[in-house]
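Visitor:
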Amino acid sequence: MGAASDVGYHAQRQARWHYGEIAFWLIVLACGFVFPSRYLIMTDILRLALFTMSLDLILGYAGIVSLGHAAFFGVGAYAAGLLALHGIINEPVLALIVAGLAAMVLGFATSFLVIRGVDLTRLMVTLGIALLLEALAERFSNITGGTDGLQGIEMQPIFGQIPFDMFGKAGFFYSLAVLFVLFLFARRVVHSPFGLSLRAIKNNPLRAAAIGIPVNRRLIAIYTLAAFYAGIAGALFTQTTAIASLDVFAFERSADLMLVLVIGGTGYLYGGLIGAVVFRMLQELFSTITPQYWQFWIGLVLVVIVLVGRQRLHRWVLYVPNLIIRQVAGRKAVVAVPESDA
Amino acid sequence: MTIALETRNLEKTFGGLRVTRDLSLKVEQGARHALIGPNGAGKTTVINQLTGVLKPNSGRILLEGQDITDLPVHKRVLRGLSRTFQINQLYPDLTPLETIGLAVSERLGHGGDWWRRMGTRGDVNGEIAELLTRFHLLDVMNEETVTLPYGKQRLLEIAVAIAAKPRVLLLDEPAAGVPESERHDILAVVGALPRDVTVLLIEHDMDLVFSFADRISVLVSGALLTEGPPEQVARDPQVKAVYLGEEAVNV
Numbered sequence: 001m002g003a004a005s006d007v008g009y010h011a012q013r014q015a016r017w018h019y020g021e022i023a024f025w026l027i028v029l030a031c032g033f034v035f036p037s038r039y040l041i042m043t044d045i046l047r048l049a050l051f052t053m054s055l056d057l058i059l060g061y062a063g064i065v066s067l068g069h070a071a072f073f074g075v076g077a078y079a080a081g082l083l084a085l086h087g088i089i090n091e092p093v094l095a096l097i098v099a100g101l102a103a104m105v106l107g108f109a110t111s112f113l114v115i116r117g118v119d120l121t122r123l124m125v126t127l128g129i130a131l132l133l134e135a136l137a138e139r140f141s142n143i144t145g146g147t148d149g150l151q152g153i154e155m156q157p158i159f160g161q162i163p164f165d166m167f168g169k170a171g172f173f174y175s176l177a178v179l180f181v182l183f184l185f186a187r188r189v190v191h192s193p194f195g196l197s198l199r200a201i202k203n204n205p206l207r208a209a210a211i212g213i214p215v216n217r218r219l220i221a222i223y224t225l226a227a228f229y230a231g232i233a234g235a236l237f238t239q240t241t242a243i244a245s246l247d248v249f250a251f252e253r254s255a256d257l258m259l260v261l262v263i264g265g266t267g268y269l270y271g272g273l274i275g276a277v278v279f280r281m282l283q284e285l286f287s288t289i290t291p292q293y294w295q296f297w298i299g300l301v302l303v304v305i306v307l308v309g310r311q312r313l314h315r316w317v318l319y320v321p322n323l324i325i326r327q328v329a330g331r332k333a334v335v336a337v338p339e340s341d342a
Numbered sequence: 343m344t345i346a347l348e349t350r351n352l353e354k355t356f357g358g359l360r361v362t363r364d365l366s367l368k369v370e371q372g373a374r375h376a377l378i379g380p381n382g383a384g385k386t387t388v389i390n391q392l393t394g395v396l397k398p399n400s401g402r403i404l405l406e407g408q409d410i411t412d413l414p415v416h417k418r419v420l421r422g423l424s425r426t427f428q429i430n431q432l433y434p435d436l437t438p439l440e441t442i443g444l445a446v447s448e449r450l451g452h453g454g455d456w457w458r459r460m461g462t463r464g465d466v467n468g469e470i471a472e473l474l475t476r477f478h479l480l481d482v483m484n485e486e487t488v489t490l491p492y493g494k495q496r497l498l499e500i501a502v503a504i505a506a507k508p509r510v511l512l513l514d515e516p517a518a519g520v521p522e523s524e525r526h527d528i529l530a531v532v533g534a535l536p537r538d539v540t541v542l543l544i545e546h547d548m549d550l551v552f553s554f555a556d557r558i559s560v561l562v563s564g565a566l567l568t569e570g571p572p573e574q575v576a577r578d579p580q581v582k583a584v585y586l587g588e589e590a591v592n593v
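These protein sequence lines map, in sequence, to chains S and U. Count the first sequence with this note's numbering and you get residues 1 to 342, in order. Count the second sequence with this note's numbering and you get residues 343 to 593, in order.
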């Protein structure tokens, strides 16, 4: 039947790889060879990109707002730190997965609180959970090292073969590999019927239920998955910096994350990656101009993006980026602010 | 004769207001049943209770003899009870292809599939293509819903409900707000629904009701006023009184 194969072709349109996407990843990989002196900042960007991708999964696809995503980042960070510090799991990749799973368990447990209610409730609940964890980490300083953080973490070689070097080269390629694998997985998931049902829920939960979608179960699933991603990002942080301190739970981390995603755009997975690059570059740029007051300029950029002529900004200032993004992600994926912020 | 959908002594109050009063309604298998009533009679409240959006204060709802009063919305859909909305409830960012694809996937139990890509199942694709063709949506299948003309959106609204392969279909004012020029498509589609699907039609438009329904229930202030075949209801002096000044009832 002609129409059926036609339908199949168009249904898979978005799931196909675009040339722009392949080019994007080749450029990222090339950065690892072109800028050997900048591994630390580039690794930082990769971690932030992964963390933001996690938020994009729940905010960009399912429409769940969160101001406490650092909770999962923190759990992943401390889990990885403790595993390495006490020599429980010495192999970094395995430790990374276990740390991600720890965050995932917390994500599953708290998802039942988060899926209830509307945006404001969700903001408060997620914020509250992150604050709770931060306070707990401070209280149990015998385990977490309190305000000093975990000291003396020594990372063993990856797969027992590749040691972490002081220039951060191994850390960069390790982080890039993790990011890419998790990106591939997320890409697969968002183009599945499950991923499509999340977008339907974000668009119209009433109708989603009316066609037989178990809304709550889907939201729990994606929230749990996002927690896993955030936990992995946190674990990467500890593994590549050999530090884990209380600020992994900090409110600023969750808030920055929202900023990064808004800058990069929601709902097409690349928003986190592009946002992370732009955000760190803006930070660098502003802090060289005004070392003390760079946050002022970041704040101004945010206000301009979100408030002052957001629509016009999209059309004019972001004309070129959107042109690129359309190449990367196809269709209507453009830099945009989540509707829930409007 | 079997009863497809039934309510027993349904009661619903909002604060002190009784919007559904002791409503007992029987819709026969394969019927073209219309539920009519003046504005504010509580028709949509009844639909919302039937589909599970609202919980009744008391009373039971039975689908093909089975009590579904306590089932959540999505489980009722999987049991074969589907609806359209008076005001379009679609996904603005999704295309008709995606919207229908999702509904078909959910019904066939593939909705939770998180690894297989959309569009790789032949049976799903075939059904999507069939529905898109039947509802005149094939030419716009890749356009975002929000950009479609209202008549097309209305067709999509019905197509989504049909994609769930309902045994009982609740149509909440299917032609509401559709311009005269696009009305014909809607009426044709509604008229061509297979006879094994039981239809409960909520409607204001008396022409549509009397051309379509083989049984009519009249709801006034949340209670059942009268019930019967169209000719009988049209002659009923009580119904005439209720509709006096609102719409002329003619057969």
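Beta carbons are placed, not taken as given, at the ideal position from N, Cα and C, and that holds for glycine.
With distance defined between alpha-carbon atoms, name the residue in 408(U), 442(U) and 491(U) nearest to residue 500(U).
Guide: Counting from one through the second sequence, the residue named residue 500(U) turns up at place 158. Per the Cα distances, 442(U).
Visitor: Name, in chain order, the residues that DSSP records as bridge partners for residue 354(U).
Guide: Taking the first residue of the second sequence as position 1, residue 354(U) is located at position 12. Residue 354(U) is bridged to 362(U).
Visitor: In whole angstroms, what is the alpha-carbon distance linking residue 251(S) and residue 117(S)?
Guide: Locating residue 251(S) in the first sequence gives position 251, counting from the first residue. Locating residue 117(S) in the first sequence gives position 117, counting from the first residue. Their backbone Cα atoms lie some 22 Å apart in a straight line.
Visitor: What is the residue span of the alpha helix (DSSP H) that residue 144(S) lies within?
Guide: Here residue 144(S) refers to the residue found at position 144 of the first sequence. From DSSP, the alpha helix (DSSP H) with residue 144(S) extends over 141–144.
Visitor: Counting along the chain, where does the beta strand (DSSP E) carrying residue 37(S) start and finish?
Guide: Residue numbering aside, residue 37(S) sits at position 37 when the first sequence is read from its first letter. Run containing residue 37(S): none; DSSP gives neither H nor E here.
Visitor: Who pairs with residue 368(U) in a beta bridge, going by DSSP?
Guide: Your numbering for residue 368(U) matches position 26 in the second sequence. Residue 368(U) is bridged to 348(U).
Visitor: Would you kindly work out how many angstroms separate the C-alpha atoms of residue 584(U) and residue 384(U), rounded to a whole number?
Guide: By one-based count along the second sequence, residue 584(U) stands at place 242. By one-based count along the second sequence, residue 384(U) stands at place 42. Approximately 14 Å between the Cα atoms of the pair.
Visitor: Within its chain, find whatever has a CB closer than 6 Å to the CB of residue 153(S); leave out the 5 residues flanking it on each side and keep chain order.
Guide: For the purposes of this step, residue 153(S) is taken as the residue at position 153 of the first sequence. Contacts found: 81, 84, 85 and 242.
Visitor: CB-CB under 6 Å to residue 10(S), same chain, minus the five flanking residues each way: which ones, in chain order?
Guide: Within the first sequence, the letter at position 10 stands for residue 10(S). Excluding residues within five positions, none has a Cβ falling inside 6 Å.
Visitor: Return no unless some Cβ of chain U is closer than 7 Å to the Cβ of residue 201(S).
Guide: What you label residue 201(S) is simply residue 201 of the first sequence in a count that begins at 1. No, residue 201(S) lies away from the interface with chain U (no Cβ there is under 7 Å from its Cβ).
Visitor: How would you label residue 309(S), buried or exposed, when you count the other beta carbons within 10 angstroms and need 16 or more for buried?
Guide: In the first sequence, the residue the question calls residue 309(S) occupies position 309. Note on residue 309(S): pLDDT 44, under 50, position unreliable in the model; the coordinate value appears next. Its Cβ having fewer than 16 others within 10 Å, residue 309(S) is exposed.
Visitor: Is the stretch 54–70 of chain S in contact with the stretch 245–260 of chain S, if contact means three or more CB pairs nearer than 8 Å?
Guide: Yes, they touch.
Visitor: What are the start and end residues of the alpha helix (DSSP H) that includes residue 275(S)?
Guide: As a position in the first sequence, residue 275(S) is number 275, starting the count at 1. Start and end: 270–289.
Visitor: What three-state label does DSSP hand residue 197(S) in the structure shown?
Guide: The sequence position of residue 197(S) within the first sequence is 197, counting from 1. Here residue 197(S) sits in helix by DSSP.
Visitor: So which of 399(U), 373(U), 381(U) and 395(U) has the shortest CA-CA distance to residue 362(U)?
Guide: Here residue 362(U) refers to the residue found at position 20 when the second sequence is read from its first residue. With distances taken between Cα atoms, residue 362(U) lies closest to 399(U).
Visitor: Just to make sure I have the definition right: I need the residues of chain S whose C-beta is within less than 8 Å of the C-beta of residue 444(U). Which are they?
Guide: In the second sequence, the residue the question calls residue 444(U) occupies position 102. Within 8 Å Cβ-Cβ: 193, 196, 197, 200, 211 and 213.
Visitor: Could you give the residue range of the beta strand (DSSP E) that holds residue 569(U)?
Guide: Here residue 569(U) refers to the residue found at position 227 when the second sequence is read from its first residue. Run containing residue 569(U): 565–570, per the beta strand (DSSP E) assignment.
Visitor: For the alpha helix (DSSP H) containing residue 191(S), name the first residue and the last one.
Guide: Locating residue 191(S) in the first sequence gives position 191, counting from the first residue. That residue, residue 191(S), is in no alpha helix (DSSP H); it is neither H nor E in DSSP.
Visitor: Can you tell me which of 324(S), 14(S) and 293(S) puts its alpha carbon nearest to the alpha carbon of residue 484(U)?
Guide: Within the second sequence, residue 484(U) is the residue found at index 142, counting from 1. The residue with the shortest Cα to Cα distance from residue 484(U) is 14(S).
Visitor: Excluding the 5 residues preceding and the 5 following residue 263(S) in the sequence, name in chain order all residues of the same chain whose CB lies nearer than 7 Å to its CB.
Guide: Along the first sequence, read from residue 1 onward, the residue named residue 263(S) stands at position 263. For residue 263(S), where only same-chain residues beyond five positions count, the Cβ hits under 7 Å are 275, 278, 279 and 305.
Visitor: Can you name, in chain order, every residue of its own chain whose Cβ lies under 8 Å from the Cβ of residue 89(S), other than the five neighbours on each side?
Guide: On the first sequence, residue 89(S) is found 89 positions in, with the first residue counted as 1. Hits under 8 Å: 83, 95 and 98.
Visitor: Just confirm the distance between the C-beta atoms of residue 394(U) and residue 413(U), as a whole number of angstroms; I'd bet it's less than 8 Å.
Guide: Locating residue 394(U) in the second sequence gives position 52, counting from the first residue. Locating residue 413(U) in the second sequence gives position 71, counting from the first residue. Confirmed, about 6 Å.
Visitor: Using alpha carbons as the reference points, say which of 282(S), 239(S), 323(S) and 260(S) lies closest to residue 53(S).
Guide: Stepping through the first sequence from its first residue, residue 53(S) is reached at position 53. The option with the nearest alpha carbon to residue 53(S) is 260(S).
Visitor: Given a cut-off of 7 Å on the beta-carbon distance, is the pair residue 467(U) and residue 4(S) in contact?
Guide: Position 125 of the second sequence, counted from the start, is the residue given in the question as residue 467(U). Position 4 of the first sequence, counted from the start, is the residue given in the question as residue 4(S). Yes. Within cutoff.
Visitor: Excluding the 5 residues preceding and the 5 following residue 431(U) in the sequence, name in chain order all residues of the same chain whose CB lies nearer than 8 Å to its CB.
Guide: Within the second sequence, residue 431(U) is the residue found at index 89, counting from 1. Excluding sequence neighbours, residue 431(U) sits near 499.
Visitor: Give the residues of chain U in contact with residue 56(S), contact being defined as C-beta atoms less than 7 Å apart.
Guide: Counting from 1 along the first sequence, the entry for residue 56(S) is found at position 56. What residue 56(S) touches in chain U: nothing, since even the nearest Cβ is about 15 Å away.
Visitor: Given that a residue counts as buried once 16 or more other Cβ atoms are within 10 Å of its Cβ, and exposed if not, what is residue 381(U)?
Guide: Within the second sequence, residue 381(U) is the residue found at index 39, counting from 1. Result: exposed.
Visitor: Between the beta-carbon of residue 105(S) and the beta-carbon of residue 471(U), is there less than 7 Å?
Guide: Mapped onto the first sequence, residue 105(S) falls at position 105. Mapped onto the second sequence, residue 471(U) falls at position 129. Cβ distance not < 7 Å, so residue 105(S) and residue 471(U) don't count as in contact.
Visitor: Please report the residue range of the beta strand (DSSP E) in which residue 493(U) lies.
Guide: Taking the first residue of the second sequence as position 1, residue 493(U) is located at position 151. From DSSP, residue 493(U) is part of no beta strand (DSSP E) but of the alpha helix (DSSP H) over 492–505.
Visitor: Looking only at its chain, what residues have a beta carbon closer than 6 Å to the beta carbon of residue 327(S), apart from the 5 residues adjacent to it on each side?
Guide: Locating residue 327(S) in the first sequence gives position 327, where the first residue counts as 1. Hits under 6 Å: 20.
Visitor: Figure out for me which residue from 163(S), 12(S) and 28(S) has the closest Cα to the Cα of residue 270(S).
Guide: Within the first sequence, residue 270(S) is the residue found at index 270, counting from 1. Considering only alpha carbons, the answer is 28(S).
Visitor: At a Cβ cut of 7 Å, what residues of the stretch 7–23 of chain S count as close to chain U, listed as they run along the chain?
Guide: Listed by position along the chain: 7, 8, 10, 11, 12 and 15.
Visitor: What are the partner residues of residue 376(U), as DSSP defines its beta bridges?
Guide: Here residue 376(U) refers to the residue found at position 34 when the second sequence is read from its first residue. 543(U) and 558(U), per the DSSP bridge assignment.
Visitor: Give the straight-line distance between the Cα atoms of residue 370(U) and residue 508(U), rounded to the nearest whole angstrom.
Guide: Counting from one through the second sequence, the residue named residue 370(U) turns up at place 28. Counting from one through the second sequence, the residue named residue 508(U) turns up at place 166. Roughly 15 Å between the two C-alpha positions.
Visitor: Could you tell me the distance, in whole angstroms, from the CA atom of residue 521(U) to the CA atom of residue 582(U)?
Guide: As a working mapping, residue 521(U) is identified with position 179 in the second sequence. As a working mapping, residue 582(U) is identified with position 240 in the second sequence. For residue 521(U) and residue 582(U), the distance between alpha carbons rounds to 28 Å.
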